[in-house]
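Numbering (this note's numbering), first residue to last: 361 to 758.
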């Protein structure tokens, strides 16, 4: 999030501007990849190596892959441990992917481990037989193989083509480790049930499935309801979809930053976001940052959100305790908002009953979020009714 350490505003990623501000502080930890960062040129070179897909943002997996590759290719003690950890249980030593290996600075004199290339179908079958034979597993029996990969999902890579095309085997593996879906047979990587099971286990599996499957509404919702960063991988169709993005902001209100501009300007959608995280107000449209219902909801959830409201709203709504507050006719406003709140609460309960949701079983956080949403919508409705009444009175007056 650009600050020191982790806080409520942290977005769990690194942008180029953040990297250039802080690169001087990462060189003292002893990692090969982070040594020699003495100037901006070296920092830019390191960034180009880290940003594996050229997306302008470095996520955790890219950061770890960058550091790991340099340690292994330098032959350090840590690199030896990391290479052994990647072996997969059949004596195969990990080597950096070519695109990562090419990015590690030339002239590295450490010992290299060279990959033998992509294993053939016969080689995979041989590995599978060895690994499964040691465990007393019949490599031709899908039920036994499914049981094995459920315990050791990475063995799916070593299975025969026939087993990697077996839906029960693949489901067993991805239900234990979602990203293992990348080892599934070509046909199953386009199977919705398999992809959904993988993403439900870990949103990171979204990066391992084909783009058309990422656009599926159910799969996208399963991913974004775990981590807002998943919004980066669901495409424009996903970020325009109200239902998908509602799932995202109900998990983390800051996900509104990834939503289509039409959603950022939607009052009800914005209320859902700021009710979960008040600081999400900064990502709402300019008009909504001057809207009383949205700003009140945001500042009640997090007082720090006040600074993101419009200057005019801040002037008209000074902090509690000032003389202006005492002049407001609060009783009249509170009465109207209370009536609207009770009507909306009844509507919510009817909708939950129709959907089979038991309010008594909601978590404390879910109940609090629900109450903030109802209160904010009631606030907006009461204000709209009052404004309409005033307009009507003005029209009737001579």
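C-beta atoms are modelled at their ideal positions from N, C-alpha and C, and glycine is treated no differently.
Proximity to residue i [Cα-Cα], best of the options
| i | options | result |
| --- | --- | --- |
| residue 520 | 387, 500, 598 and 537 | 500 |
| residue 656 | 736, 553, 436 and 596 | 736 |
| residue 669 | 678, 662, 661 and 642 | 642 |
| residue 377 | 527, 400, 396 and 512 | 400 |
| residue 614 | 595, 551, 586 and 596 | 586 |
| residue 596 | 584, 619 and 578 | 619 |
| residue 391 | 603, 552, 583 and 436 | 436 |
| residue 746 | 726, 652, 570 and 673 | 652 |
| residue 610 | 397, 395, 409 and 733 | 733 |
| residue 740 | 508, 532 and 627 | 627 |
| residue 544 | 536, 559 and 526 | 526 |
| residue 546 | 528, 529 and 569 | 569 |
| residue 536 | 548, 560, 518 and 550 | 560 |
| residue 522 | 513, 505 and 382 | 505 |
| residue 639 | 660, 647 and 625 | 660 |
| residue 604 | 676, 576 and 624 | 576 |
Buried or exposed (CB count within 10 angstroms, at least 16 for buried), residue i
| i | result |
| --- | --- |
| residue 588 | buried |
| residue 424 | exposed |
| residue 738 | buried |
| residue 704 | buried |
| residue 404 | exposed |
| residue 449 | Because the pLDDT of residue 449 is 36, which lies under 50, any placement of that residue in the model is unreliable, and the number read from its coordinates should be weighed accordingly. Exposed: under 16 other Cβ atoms inside 10 Å. |
| residue 622 | exposed |
| residue 380 | exposed |
| residue 459 | Its pLDDT being 47, under 50, residue 459 is placed unreliably in this model, and the value from its coordinates should be taken loosely. When all chains shown are included, residue 459 counts as exposed. |
| residue 706 | exposed |
| residue 562 | buried |
| residue 515 | buried |
| residue 374 | buried |
| residue 630 | buried |
| residue 428 | buried |
| residue 539 | buried |
| residue 421 | exposed |
| residue 513 | buried |
| residue 441 | exposed |
| residue 503 | exposed |
| residue 748 | exposed |
| residue 384 | exposed |
| residue 632 | buried |
| residue 556 | buried |
| residue 713 | exposed |
| residue 408 | exposed |
| residue 726 | exposed |
| residue 647 | exposed |
| residue 711 | exposed |
| residue 742 | buried |
Bounding residues of the alpha helix (DSSP H) (the contiguous stretch that carries residue i)
| i | result |
| --- | --- |
| residue 665 | Where residue 665 is concerned, there is no enclosing alpha helix (DSSP H), given that its DSSP letter is neither H nor E. |
| residue 621 | 621–624 |
| residue 380 | 376–382 |
| residue 516 | Taken as a continuous stretch (DSSP letters only), residue 516 belongs to no alpha helix (DSSP H), as it is neither H nor E. |
| residue 651 | Element bounds for residue 651: n/a, residue is neither H nor E. |
| residue 595 | 595–600 |
| residue 524 | 521–524 |
| residue 675 | 671–676 |
| residue 398 | It is not in any alpha helix (DSSP H) - residue 398 carries neither H nor E in the DSSP assignment. |
| residue 631 | 627–636 |
Counterpart residues of residue i in DSSP-defined beta bridges
| i | result |
| --- | --- |
| residue 417 | 375 |
Item to complete: Ignoring anything shorter than 3 residues or poking outside the region 532–586, list the beta strand (DSSP E) runs there in chain order.
Response: No beta strand (DSSP E) of 3 residues or more sits fully in the region 532–586.
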